[in-house]
Amino acid sequence: MADSREHSFAGTRGGVTAREWPCEGARYVVLLVHGYGEHIGRYEHVADALVRHGAVVFGPDHMGHGRSAGERVLIEDFEAVVTDVHAVEVLARAAYPGLPVVLIGHSMGGLIAARYAQRYGAGLAAVVLSGPLIGIWEPLRALLAPPEVPEVPLDPKLLSRDMAVGATYANDPLVWHGPFKRPTLEAIDRSLETISKSGTIGPLPLLWLHGDDDRIVPLAGSRTGIEEFRGAEWTERIYPGARHEVFNETNKGEVLADVKEFVDGVLDR
Numbered sequence: 001m002a003d004s005r006e007h008s009f010a011g012t013r014g015g016v017t018a019r020e021w022p023c024e025g026a027r028y029v030v031l032l033v034h035g036y037g038e039h040i041g042r043y044e045h046v047a048d049a050l051v052r053h054g055a056v057v058f059g060p061d062h063m064g065h066g067r068s069a070g071e072r073v074l075i076e077d078f079e080a081v082v083t084d085v086h087a088v089e090v091l092a093r094a095a096y097p098g099l100p101v102v103l104i105g106h107s108m109g110g111l112i113a114a115r116y117a118q119r120y121g122a123g124l125a126a127v128v129l130s131g132p133l134i135g136i137w138e139p140l141r142a143l144l145a146p147p148e149v150p151e152v153p154l155d156p157k158l159l160s161r162d163m164a165v166g167a168t169y170a171n172d173p174l175v176w177h178g179p180f181k182r183p184t185l186e187a188i189d190r191s192l193e194t195i196s197k198s199g200t201i202g203p204l205p206l207l208w209l210h211g212d213d214d215r216i217v218p219l220a221g222s223r224t225g226i227e228e229f230r231g232a233e234w235t236e237r238i239y240p241g242a243r244h245e246v247f248n249e250t251n252k253g254e255v256l257a258d259v260k261e262f263v264d265g266v267l268d269r
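UniProt numbering puts the last residue of the sequence shown at 269; the count rises by one with no breaks.
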């Protein structure tokens with residue numbers, strides 16, 4: 001795997017830890033945005049593939065996640081998370097000036113990346129959303145309806161057809177294995193509405209990746225969000241039988257090849 005190093009900085013709600021995977025002679029920068037309850041270390045193989053493709057990769061642990069500060073999985077305002085990710089972009093640009101920046105977000109990271117593209121898209125070369133939590137997220141209403149949020153932690157078997165992925169996830173001490181927290185769910189609800197009302201990303205190229213057997217973030221609900229969010233140039237790749245984490249699926253090589261092909265098409269202009 002590619003070598004990496006950590007950076008720490010004062011985020012909007014406490015200290016943030018970010019990872020950098022350097023690349024000598026890099027052609028572009030990737031901002032990698034992880035999902036709910038996890039951490040950027042789960043993307044080691046993604047970063048490795050991208051470094052081999054010519055990217056230097058940066059990604060933070062969000063507030064309340066991984067090695068960053070804050071109560072676990074508590075996010076009360078996703079605008080603050082977007083601001084933290086932008087601080088990582090500033091760090092990356094200072095270290096690698098002049099390189100194009102590609103934003104990649106998975107699941108809740110797709111929600112963060114979508115809002116990021118609306119706020120900071122003028123500085124990006126392209127956006128990749130994987131199983132993005134945008135549009136209509138069907139589980140949200142059921143989770144928020146009762147006075148107490150049901151204790152239904154994420155089922156690791158729904159992540160991938162590769163059962164080793166779920167087993168590793170279940171035994172990862174940096175992953176949150178408890179239930180959702182109401183303030184985080186309410187913040188997701190507000191952010192979904194904000195993205196829906198904030199318009200398209202215009203000319204910014206978009207690649208949307210999704211498994212058609214994704215039962216964590218169902219395909220149909222995300223499609224609603226993509227239709228509202230996408231600009232003039234977009235590509236979708238829907239993988240038959242794939243579950244939520246397409247970067248960890250049995251066909252992850254195909255998925256990563258699709259990402260690299262998309263990025264090459266953007267950079268070669």
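For each residue, glycine too, the CB sits at the ideal point set by N, CA and C.
Selected residue, minimal CA-CA separation from residue i, among the options
i: Leu192; options: Phe229, Leu206 and Pro203; result: Phe229
i: Ala49; options: Val266, Arg269, Phe247 and Leu267; result: Phe247
i: Pro153; options: Val16, Ala2, Ser8 and Gly37; result: Gly37
i: Asp214; options: Leu99, Gly59 and Gly131; result: Gly131
i: Asp3; options: Phe78, Glu20 and Gly15; result: Glu20
i: Arg13; options: Phe58, Ile40, Leu206 and His65; result: His65
i: Ile238; options: Ala232, Val217, Leu256 and Gly211; result: Gly211
i: Val175; options: Leu31, His39 and Glu6; result: His39
i: Arg115; options: Asn171, Ser196, Pro139 and Ala142; result: Ser196
i: Thr200; options: Asn171, Glu233 and Arg5; result: Glu233
i: Pro205; options: Ser222, Val46 and Ala117; result: Ala117
i: Gly123; options: Gly265, His86, Gly231 and Arg141; result: His86
i: Ser198; options: Pro146, Pro147, Leu209 and Gly121; result: Gly121
i: Pro105; options: Glu6, Leu207, Ala142 and Ser8; result: Just to set this straight, residue 105 is Gly in the shown sequence, not Pro. Checking every option, the nearest Cα to that of Gly105 belongs to Leu207.
i: Gly253; options: Ser8, Arg5 and Val46; result: Val46
i: Phe78; options: Gly98, Leu133 and Val90; result: Leu133
Cut-off 6 Å between Cβ atoms - residues of its own chain near residue i, not counting five sequence neighbours on either side
i: Val56; result: Pro22, Cys23, Ala26, Val29 and Tyr96
i: Glu76; result: Pro183 and Ala187
i: Lys260; result: His53
i: Gly109; result: Val33, His34 and Gly35
i: Pro100; result: Tyr28 and Ala125
i: Gly41; result: none
i: Trp137; result: Gly221
i: Thr194; result: none
Check whether residue i and residue j have beta carbons under 8 Å apart
i: Leu103; j: Val127; result: yes
i: Gly225; j: Gly135; result: yes
i: Thr250; j: Asp162; result: yes
i: Asp84; j: Val149; result: no
i: Glu151; j: Pro179; result: yes
i: Val88; j: Leu31; result: yes
i: Ser107; j: Val255; result: no
i: Ala92; j: Phe58; result: yes
i: Glu245; j: Val165; result: yes
i: Ser160; j: Arg243; result: yes
Simplified DSSP state of residue i, which is helix, strand or coil
i: Tyr36; result: coil
i: residue 278; result: Limits of the chain in this structure are 1 at one end and 269 at the other, which puts residue 278 out of reach.
i: Phe180; result: coil
i: Thr12; result: coil
i: Arg161; result: coil
i: Ser130; result: strand
i: Ile201; result: coil
i: Ala232; result: coil
i: Gly59; result: strand
i: residue 350; result: As displayed, the chain neither begins before 1 nor continues past 269, which places residue 350 out of reach and without an answer.
i: Ala92; result: helix
i: Ala18; result: strand
i: Gly121; result: helix
i: Val255; result: helix
i: Arg243; result: coil
Close beta carbons around residue i, own chain, < 7 Å, minus the five adjacent residues each side
i: Val81; result: His62, Met63, Ile75 and Ile112
i: Arg119; result: Val82
i: Val51; result: Ala2, Trp21, Cys23 and Val57
Residues of its chain near residue i, where Cβ-Cβ distance is below 8 Å and the 5 sequence neighbours each way are ignored
i: Ala167; result: Pro156
i: Ser68; result: Gly11, Gly14, Gly15, Val16, Thr17, Pro60, Asp61 and His62
i: Leu144; result: Arg182, Leu185, Glu186 and Asp189
i: Arg72; result: Gly64, His65, Trp176 and Gly178
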